[in-house]
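Chains as they are written, first to last, in this note's numbering: chain A, 1 to 260; chain B, 261 to 520; chain C, 521 to 780.
Every residue, glycine too, gets a C-beta built ideally from N, C-alpha and C.
Take a look at the structure below.
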Amino acid sequence: MVITFSSDFGTADPYTAIVKGVILSINPKAKIIDLSHELTTHDIRRAAFFVASACPVYPVGTIHLCVVDPGVGSNRKPMLLVTEKGIYVGPDNGLFSLIWQNSKHKTAYWLKNSRYFFKDTSRTFDARDVFGPTAAYLSLGVAPEEFGSVVRSINLLRLPEPAGQATRRGRHFNGEIIYIDRFGNLVTNFAYEMVQGKNAEVKLGSRKMKGLVPNYGSIPKGQIAHILGSLGYLEIAGNAVSAQRLLKAKIGTKVDLELL
Amino acid sequence: MVITFSSDFGTADPYTAIVKGVILSINPKAKIIDLSHELTTHDIRRAAFFVASACPVYPVGTIHLCVVDPGVGSNRKPMLLVTEKGIYVGPDNGLFSLIWQNSKHKTAYWLKNSRYFFKDTSRTFDARDVFGPTAAYLSLGVAPEEFGSVVRSINLLRLPEPAGQATRRGRHFNGEIIYIDRFGNLVTNFAYEMVQGKNAEVKLGSRKMKGLVPNYGSIPKGQIAHILGSLGYLEIAGNAVSAQRLLKAKIGTKVDLELL
Amino acid sequence: MVITFSSDFGTADPYTAIVKGVILSINPKAKIIDLSHELTTHDIRRAAFFVASACPVYPVGTIHLCVVDPGVGSNRKPMLLVTEKGIYVGPDNGLFSLIWQNSKHKTAYWLKNSRYFFKDTSRTFDARDVFGPTAAYLSLGVAPEEFGSVVRSINLLRLPEPAGQATRRGRHFNGEIIYIDRFGNLVTNFAYEMVQGKNAEVKLGSRKMKGLVPNYGSIPKGQIAHILGSLGYLEIAGNAVSAQRLLKAKIGTKVDLELL
């Protein structure tokens, strides 16, 4: 059974290695797939986007261990979330907001059964003591309800949604940058379906862009353009140049979209 | 069946995780080995060196998924390259130049059969839509010719070769730095066979070095020397010091070799 | 059979990928678990702490390939260390100091049998030529004594131990920072057992901290406190702030502990 593992632990410290060791000591046959240990430290919003983009691609029933957990040891709940696609284990701090919103069937459990905990000495490393063991026991076939009782709702981040209004020319939407990748591509919160097949104009600050381009290669070198990006949203991207640096954009920078 | 995966995607963004998910959703038994996701962004030359150094070490028949692809979505071909040692999947942009040159038997295919593509919505993420699925279906036993037709030649980078001439003292060669590693070791384009067992003098800028040393440990602390490096070439290396920083060398910096 | 792999090779260069390829070419069924390739370059002390924190968590009999090896090719011995928990392969340069000290049963072997070496051309890449192959052959069931003869002692780092003396109020100890993690948490050399259940006061420079807190979440935001950290030692940690940056602490910075 596959267990994916995403965290902000990095690998220079022993934390990631310890969690994988705990999983393998419980289930030596577990197949652990590292998704990332380079998530931005304590950035739950970015991690929520990562998890929602990557995990649903995996086979149905995959166990996803996800830990970005600045409040470890506080009263935020350790959680298990079963959806029609995958099973998620991690802190109830908003990390699973998008998974929750995008799933039709979902049941959340509060991890309380200390029988499945690794040990009880530390209150600072739930990935080792609670989340890792839960993922491992799930991979051995322990049923979700064994770990604790169902909870009705989970903590959800307030994620920005674009606001729209009719204009003389068509429809105008206010959106923003919700993600920036290592290439400097700016991911907006305008989903594919809003834009696909339409004539769209995009404005960021004083920069106006007309006409979607189909791929990075058709952007002239050193230029930027908007594009249907690979994560399901309209992106502002550069060719051999970072759109982020060129436009000095940040998470939350406003973007205007006009559908003509 | 082993699938190795090398890219410049990093792991802070979801791209690498998505590609691995696509592979596992096609072949849940695939054994994915991450070689690197920290290849220098869009640096095809460096990636070609990486691929040629690492992949041929793997067992015969291993599938190597390699993606450094600044021209994704443009008219560069998605490619499959079968050699006597391994099977390579990635963009035809020069990435496989050294593999092509070093292989005796090789057949290249243009990936055109959309039956094996993941989906067709995006033109910006061929690793997910074309290369990953191809690697996965290959690991399930689909024959190379199923993916597309044979192409006669592939794009090759012009890689520098050392030029030699007779001198009064012996033979003199003009070469250059082709790779620099994280320790600051400078890899030249003088292959082992040119130097091994010979009395060699190396000059970089005003710095002259005499006498090959057998290993890093025999370089005096804080000093540099030339050495038969681990990648098959003459290297200029330091002990507890970066040769790169000391000599202010770059890729392409000229190096002179005199065999006495 | 699981082989864990820890190194300071990074993954931008081909070294890590080559070693994994060598292992798989000897034992295609080996299950390689990457623990870290981001160990600090040539920092044996930090690596020794990493290895001792992570490896013993793995199942009994796991093979641990550990390479931080600034003296590669010099006269430091290539080594195999069998303990009651795991089997360690790497250079005898102090890397296994803590494992040696923490193990009840241990036998060290000097890797001399070139029959199990990959090739003999280079003296600069023992991870590929000696350590990797040894780990691979061990995973195939080759007995430790096949690789070389037993050695009585291994190289041990001098690791700091806290010094104590009675005070009017209780007992006073001089310790120091032995590890700093990516979150800036400062790990001292005061082990759990010294502190647990006691009233402890900690002083670093002019900063005095009273009263252990149970977890990071109970530290007021922007503040620091001492805590029983996840690695078995007293830590000085911050909440949403780096204790390292706040206190300008380094490895070796003195810390005073008073048990009242």
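Checklist line | Candidates C/E755, C/G742, C/N675: closest to C/D612 by CA position | finding: C/N675
Item checked: Boundaries of the beta strand (DSSP E) in which B/V327 is found, first to last residue -> 322–327
Notebook entry, point to check: Considering only C-alpha positions, which residue in the set C/A763, C/Y578, C/N694 is nearest to C/F703?
Noted result: C/A763
Item checked: Residue(s) in a DSSP beta bridge with A/W268 -> The displayed coordinates of chain A run from 1 to 260. Any statement about residue 268 of chain A would go beyond what the structure contains.
Item checked: Whole-Å CB distance - C/V588 paired with C/L559, under 8 Å assumed -> 6 Å
Note to self: Let's see if you can read the secondary structure: which residues bound the beta strand (DSSP E) around B/L507?
What the structure shows: No beta strand (DSSP E) holds B/L507; the alpha helix (DSSP H) holding it covers 503–507.
Margin query: Determine, for C/A532, whether the minimum Cβ-Cβ distance to residues of chain B falls below 8 Å.
Written below: yes
Note to self: Residues of chain A with CB closer than 9 Å to the CB of B/T301, please, in chain order.
What the structure shows: R182, F183
Next item on the list: Count the CB pairs spanning the region 573–584 of chain C and the region 601–608 of chain C that are closer than 8 Å, and state whether there are at least three.
Entry: yes
Check: What distance in whole Å lies between the Cβ atoms of A/F147 and A/Y116, which are believed to be in contact at a cut-off of 8 Å?
Finding: 6 Å
Note to self: Quick check on DSSP: helix, strand or coil for A/R171?
What the structure shows: strand
Next item on the list: Check C/T644 in the structure and name its three-state DSSP category.
Entry: coil
Checklist line | C-alpha distance - C/V650 paired with C/V522, whole-angstrom precision | finding: 18 Å
Notebook entry, point to check: Does DSSP put B/L400 in a helix, a strand or coil?
Noted result: coil
Notebook entry, point to check: Count the other CB atoms within 10 Å of the CB of B/V473; is the residue buried (16 or more) or exposed (fewer)?
Noted result: buried
Checklist line | Residues that DSSP places opposite A/S36 in a beta bridge | finding: A/S6
Checklist line | Contact between the region 202–216 of chain A and the region 286–298 of chain B (3+ Cβ pairs under 8 Å) | finding: no
Checklist line | For A/T253, three-class secondary structure by DSSP | finding: coil
Checklist line | Members of the region 264–294 of chain B that neighbour chain C once the beta carbon cut-off is set at 9 Å | finding: T264, S266, K291, I293, D294
Next item on the list: Compare the beta carbon distance of A/T188 and A/E235 with 8 Å and say whether it is the shorter of the two.
Entry: yes
Notebook entry, point to check: Could one say the Cβ of B/V317 lies closer than 8 Å to chain C's Cβ atoms, at least one of them?
Noted result: yes
Notebook entry, point to check: Nearest to A/P160 by alpha carbon, out of A/K104, A/K20, A/G175, A/V60?
Noted result: A/G175
Check: Quick one: complete beta strand (DSSP E) runs, 3+ long, within the region 435–499 of chain B?
Finding: 446–451, 460–464, 467–470, 484–488, 493–498
Next item on the list: Mind checking the region 571–604 of chain C against chain F and listing, in chain order, the residues whose C-beta falls within less than 7 Å of any C-beta there?
Entry: Absence of chain F from the displayed structure is noted, the protein chains being A, B and C.
Next item on the list: Please classify B/L519: does DSSP put it in a helix, a strand, or coil?
Entry: strand
Next item on the list: Identify whether C/G606 lies in helix, strand or coil by the three-state DSSP scheme.
Entry: strand
Check: Looking only at its own chain, which residues have a Cβ that is under 7 Å from the Cβ of C/T644, when we skip the five neighbours before and after it?
Finding: V592, G593
Item checked: Contact under 8 Å by Cβ, C/V775 with C/A647 -> no
Check: Are at least three pairs of beta-carbons, each pair with one atom in the region 312–319 of chain B and one in the region 541–552 of chain C, less than 8 Å apart?
Finding: yes
Notebook entry, point to check: Quick one: is C/A763 near chain A, going by C-beta distance under 8 Å?
Noted result: no
Check: Where does A/V150 land, buried or exposed, given buried means 16+ other C-beta within 10 angstroms?
Finding: exposed
Next item on the list: Could you tell me the distance, in whole angstroms, from the CA atom of A/I152 to the CA atom of A/F190?
Entry: Inspection of the sequence shows that residue 152 of chain A is occupied by Arg rather than by Ile. So the two alpha carbons sit approximately 30 Å from each other.
Next item on the list: To the nearest angstrom, report how far apart A/A48 and A/Y233 are at their CA atoms.
Entry: 15 Å
Note to self: Strictly by DSSP, which residues pair up with B/A423?
What the structure shows: B/N434
Next item on the list: Kindly list the residues whose CB is nearer than 7 Å to the CB of B/A290, restricted to its own chain and excluding five residues on each side of it in sequence; keep chain order.
Entry: M261, I263, I283, L284, A396, S399
Check: Three-state secondary structure (DSSP) at B/V410?
Finding: strand
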